[in-house]
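S.K.:
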Amino acid sequence: MEILMAFVIGILFMCATYLILSKSLLRIIIGTGLLSHGAHLLLLTMGGLKKGAAPLLGEEAPSYTDPLPQALILTAIVISFGVTAFFLVLAYRAYKELGTDNMEKLRGTEGND
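End of the sequence shown = 114 in the working numbering, gap-free, step of one.
(1) Report all residues from its chain with a CB closer than 7 Å to the CB of Ile30; omit the five preceding and five following residues, and keep chain order.
(2) Can you pull the DSSP bridge partners for Ser25?
(3) Can you tell me whether Phe12 is buried or exposed, with buried defined as 16 or more other CB within 10 angstroms of its CB?
(4) Whose C-alpha, out of Met15, Val9, Lys24 and Leu20, is nearest the C-alpha of Thr120?
(5) Considering Cα atoms alone, identify which of Gln71, Asn103 and Ile80 is closest to Asp42.
(6) Please identify the residue among Gly109, Tyr96, Glu98 and Ser37 whose C-alpha is closest to the C-alpha of Ile80.
(7) How would you call Gly32, buried or exposed, if buried means at least 16 neighbouring beta carbons within 10 angstroms?
(8) Does the beta-carbon distance from Leu45 to Cys16 come in below 8 Å?
(9) Can you list, in chain order, the residues of its chain with a C-beta nearer than 6 Å to that of Leu26? Leave out the 5 residues immediately preceding and following it.
(10) Spatial neighbours of Leu107 within its chain, please: C-beta separation below 8 Å, excluding the five flanking residues on both sides.
(11) Excluding the 5 residues flanking Thr18 on each side, which residues of the same chain have their C-beta closer than 6 Å to its C-beta?
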């Protein structure tokens with residue numbers, strides 16, 4: 002299962018890198034979202050994909066799952082949601098002020114391709 006998750010994480014990172022390097026501001030925001038999802042899956046996979054009971058003290062289970070990666074991912078999800086919301090508001094405001102979401106026009110340099 003870890004091998005499959007490694008391929009999924011690699012595909013997410015690959016798509017995120019492609020979207021971040023594009024010229025559209027909305028694609029860059031979607032790319033950062035995909036990058037954060039890939040990082041969440043990476044944290045979960047590094048913690049180990051084990052089957053076991055919930056980590057409750059009163060239970061007598063033969064194996065427990067580690068709650069630390071899940072807590073880290075939950076915190077990272079909340080932070081990435083806030084950052085994505087900030088990016089969307091910033092992109093909306095830039096589009097309202099300048100009338101474009103093209104990164105080259107936002108920089109002030111026109112590409113002469």
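The beta-carbon is built from N, C-alpha and C at its ideal position, and this holds for glycine as well.
M.R.: Quick answer:
(1) Thr85, Phe88, Leu89 and Ala92
(2) Asn103
(3) In the sequence as presented, Phe is not what sits at residue 12; that position holds Ile. With fewer than 16 other Cβ atoms within 10 Å, it is exposed.
(4) A question about residue 120 goes unanswered here, because the residues of the chain that appear run from 2 up to 114.
(5) For the record, residue 42 in the displayed sequence is Leu; it is not Asp. Of the candidates Gln71, Asn103 and Ile80, the one whose C-alpha sits nearest the C-alpha of Leu42 is Gln71.
(6) Ser37
(7) buried
(8) no
(9) Ala92 and Asp102
(10) Leu26, Ala95, Leu99 and Thr101
(11) none
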